[in-house]
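Structure first, commentary second.
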C-alpha cells in the first residue's frame, strides 16, 4: 500500500472511531457504557498492536529466545491492574464481607474442569500462533491465520456449549468460588499477588539471555512520532497500559474480556440452528465472560472488540505493519485447530487469557491463577509438540 | 458574611427545615431530591437488580439494598424477617422522622417492592419518580462512594399484613368476588399465550391468569419517555376503565410479585385507595398450585419443555 494512502486511511479510521464514541454517548448509562466500551476497545487495540502485547509471543520469546521483556510486561500488567482493582474495591466494598463478591468481577469457579480448559487453551494458542485477543489485533494487521483462528474459536464455543451440561454436573455445579480477599483481606491479597509476581519476574530474569535492551529515542518531532507510531513500544509501556485499561474498564463498564461477543454470536447462531441443549445449567449464573443469546445488535463487548480491531488496523497502517497476504495451507489448518481448542477452553473456563487470567488475577480470584498455571503448561506442551513434529 | 452567602445560608436552612412540607405525596421529584441530598432528614436507598449498577454510580449518599438478600427471605420465600429488616434500616440510620426515598433500575420495579415491604413494616417510604432512568436522563450527579451513616435505633412495629394477600385471600376473592384481582403482566402472559416474558425462565407449569382477574399491564401506568408515573387523574381514569375505583378491595399480582408492587404503589399510595393488597406469591404460586382452576384463554398446555 502507498504510504500516503495508508496514513490517510489510518486517520479516517481514527476519526470514525472518535465519531462513534461521540455519537453513541447518550443521556442514559446504557449508551454511555456503549460509548466508553468502544473507546476502551480502541485504546486496547492500539496498545496491543503498538506494544505487540501477546500472551503467546511473549512466552515464546522467553522460552525459545531468552528475551524476558514480554513476560515481564505481562507480570507488570497483572501488578498494575491488581492495584487498580483494589482501589476500586476499596470504594465499592470497603469490607470484603464473606457473603458477597465484588459486583461483576470475574471471580470464577475453580475445579479440574477449569484446569483442563486452560490447558486446552494453552495448547490451542501455541498451535494457532497467539491467543484470542492477539488474533483480534492481528486481524487488524491482515494476518493470514487470524480469520481462521477466529472461525475455529466460534466452532470451539459451540463444542463448549455441547459439553457444558455434563461437565457442569460432574464438577462445576458446586465448585469453590475462591476470592482471595475473603481469606487474606485486601492488604494480604495485594501483598501475596505482588510477592508472587516479583518472584515470577526474578525467575524470568534469572533465565534471561538478553542482556541489553536498546530503545533510545531521538528527541525531535520526527523521533517522537517515530517512537509513537512506527517503532514497537517498549514492553513495559504495554504492560502498564493494559493493567490501567483493565482497571478503568472495570470501574466504568465491566471487567475486560474479548470472548463474550464471539461466544454470544456462536450461541445465537447455534441456537437458531437448534443444536444447543435446551438449557445450559447454571451458565448464566457464573461470573466471567458471559454469553447470551443476542437480542440487541450493539453490545458493550461487541463494540469493545470492534474498537480493538479497527484501532489495531489503523495503528498497523501507520506503522507499516499492515501486511495482508493469502494464507498458506498450514496457516489455515493451524488456525482452525488452534481456534477450536481455544474456543472450547474459553467457553468452558468462562473466558480467555484476558477474561479469566488478566481480569481474574486483577480481581483477586484464584481462578485467574489456576488458568495462568495450566495455560502456561499448555503453551509449553504445544510449543514442544510443534518443534518435535515440525508443524 | 457577604449578602450572597447570607442569602445562601437562608436558602440552605429553609431546605433543611422544610423537607416534608415540600414533598408531601408518595413520590418525590428528581429535582427536589437533588436539592435535598445534604438534608440529614432524607435517606435515599437504591434497590436495583442489575449487578454493578449501584457501585458504578448512584445518587450521592444513597444506601445500597440488595433485593435478593435484604428484602426477601430466600429460605422461607417470604418478605424479609423483622430482625433482618430492622438491621437494614438501623444500619442506614433511619429514624421515625426520616423521609425515606427509594429508587432503582428497571422502572423502579424492585424499588416499588422495597416500598411495599417498608410500608408493611410501617415506614411510609416514597419513590423517586422515574427512578434511575429519569435521574440519569436529567444529567443529575452520580457518586461511586459508599456512604456510612451512624446506626439508629428503630422500634419496628409488627408487620401490617393487611397490605399483603396470601393464597387463601386470593381463593376467597375468586370464590366470593369480594375483591378485584388485577393481573398487571403483559396481555400475552395474561391470556396464556406465553409462560413467561422474554428473557425470563418459565417458572410455572401453567399459563393464563387467576379466574376473574382484570388485566391492566403495569406499563400503562407509566409515561414511557420519562419512566414517571402518569398524573393522578390519568391513573384514576386508567383503572376506573377496568372498574377499579377504590370502592372495592383490590389484590394486585404479577409473576413473582415485584411488578405488581409497582401497581400496588400506584393504587394504594398515589390514588390513596384504602384496601389494596399485593399478592407476592403471584403467578409462580397460583399457577403451580395443585387443584386450583385457572383461566387460560389461549389454551396452551405445558409439554415439559
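Residue numbers (the working numbering), protein chains in the order written: chain A, 213 to 603; chain B, 3 to 307. The C-beta atom is built at its ideal place from N, Cα and C for all residues, glycine as well. No experiment lies behind these values; they were computed from the predicted model shown.
What whole-angstrom Cβ distance do residue i and residue j have, given they're in contact under 8 angstroms?
| i | j | result |
| --- | --- | --- |
| residue 255 (chain B) | residue 285 (chain B) | 7 angstroms |
| residue 300 (chain A) | residue 463 (chain A) | 5 angstroms |
| residue 166 (chain B) | residue 280 (chain B) | 6 angstroms |
| residue 554 (chain A) | residue 344 (chain A) | 6 angstroms |
| residue 111 (chain B) | residue 266 (chain B) | Rounded, the Cβ-Cβ distance is 12 angstroms, inconsistent with contact. |
Which chain A residues are close to residue i, counting only those with a beta carbon under 9 angstroms from its beta carbon?
| i | result |
| --- | --- |
| residue 146 (chain B) | 300, 303, 304, 463 |
Classify residue i: buried if its beta carbon has 16 or more other beta carbons within 10 angstroms, exposed otherwise.
| i | result |
| --- | --- |
| residue 560 (chain A) | buried |
| residue 2 (chain B) | Summary: the structure shown does not reach residue 2 (chain B), with chain B confined to residues 3 through 307, and so no result is reported for it. |
| residue 23 (chain B) | Below a pLDDT of 50, predicted positions are generally treated as unreliable, and residue 23 (chain B), at 45, falls in that range; no measurement from the model is reported. |
| residue 275 (chain B) | buried |
| residue 131 (chain B) | buried |
| residue 26 (chain B) | exposed |
| residue 115 (chain B) | buried |
| residue 300 (chain B) | exposed |
| residue 98 (chain B) | exposed |
| residue 41 (chain B) | buried |
| residue 162 (chain B) | exposed |
| residue 202 (chain B) | exposed |
| residue 535 (chain A) | exposed |
| residue 259 (chain B) | buried |
| residue 279 (chain A) | buried |
| residue 433 (chain A) | exposed |
| residue 512 (chain A) | buried |
| residue 507 (chain A) | exposed |
| residue 235 (chain B) | exposed |
| residue 120 (chain B) | buried |
| residue 306 (chain A) | exposed |
| residue 215 (chain A) | exposed |
| residue 290 (chain B) | exposed |
| residue 482 (chain A) | buried |
| residue 109 (chain B) | buried |
| residue 543 (chain A) | buried |
| residue 274 (chain A) | buried |
| residue 314 (chain A) | buried |
So which residues on chain B does residue i lean against when the C-beta distance must stay under 8 angstroms?
| i | result |
| --- | --- |
| residue 241 (chain A) | 55, 58, 59, 134, 138 |
Interface residues of chain A around residue i at Cβ under 7 angstroms?
| i | result |
| --- | --- |
| residue 313 (chain B) | What is shown of chain B runs 3 to 307, which leaves residue 313 (chain B) out entirely. |
For residue i, which residues in chain A fall below 8 angstroms Cβ to Cβ?
| i | result |
| --- | --- |
| residue 141 (chain B) | 239 |
Using the beta-carbon of each residue, which ones in chain B are nearer than 7 angstroms to residue i?
| i | result |
| --- | --- |
| residue 316 (chain A) | 53, 54 |
Is the separation between the beta-carbon of residue i and that of residue j shorter than 8 angstroms?
| i | j | result |
| --- | --- | --- |
| residue 579 (chain A) | residue 321 (chain A) | yes |
| residue 267 (chain A) | residue 285 (chain A) | no |
| residue 250 (chain A) | residue 227 (chain A) | no |
| residue 171 (chain B) | residue 296 (chain B) | no |
| residue 471 (chain A) | residue 602 (chain A) | no |
| residue 183 (chain B) | residue 215 (chain B) | yes |
| residue 335 (chain A) | residue 389 (chain A) | no |
| residue 516 (chain A) | residue 252 (chain A) | yes |
| residue 330 (chain A) | residue 586 (chain A) | yes |
| residue 158 (chain B) | residue 87 (chain B) | yes |
| residue 39 (chain B) | residue 62 (chain B) | yes |
| residue 245 (chain A) | residue 523 (chain A) | no |
| residue 100 (chain B) | residue 128 (chain B) | no |
| residue 54 (chain B) | residue 316 (chain A) | yes |
| residue 308 (chain A) | residue 393 (chain A) | yes |
| residue 552 (chain A) | residue 352 (chain A) | no |
| residue 156 (chain B) | residue 91 (chain B) | yes |
| residue 469 (chain A) | residue 566 (chain A) | yes |
| residue 106 (chain B) | residue 154 (chain B) | no |
Is there contact here, the stretch 360-378 of chain A with the stretch 490-499 of chain A, by at least three beta-carbon pairs under 8 angstroms? yes
Spell out a yes or no on whether the stretch 431-446 of chain A and the stretch 253-265 of chain A are touching, meaning 3 or more CB-CB pairs, one atom from each, closer than 8 angstroms. yes
Below 8 angstroms, can you find three or more Cβ-Cβ pairs linking the stretch 300-318 of chain A to the stretch 456-472 of chain A? yes
Quick test of the definition: if touching needs 3 or more C-beta pairs under 8 angstroms, does the stretch 175-192 of chain B touch the stretch 130-145 of chain B? no
Whether or not the stretch 385-405 of chain A and the stretch 289-296 of chain A are in contact is what I'm after, with contact meaning three or more pairs of Cβ atoms, one per stretch, closer than 8 angstroms; do they touch? yes
Examine the Cβ distances between the stretch 541-552 of chain A and the stretch 360-370 of chain A and report whether three or more of them are shorter than 8 angstroms. yes
Are the stretch 331-342 of chain A and the stretch 476-490 of chain A touching by the rule of at least three beta carbon pairs closer than 8 angstroms? no
Counting pairs of beta carbons, one from the stretch 238-252 of chain B and one from the stretch 190-207 of chain B, are three or more of them closer than 8 angstroms? no
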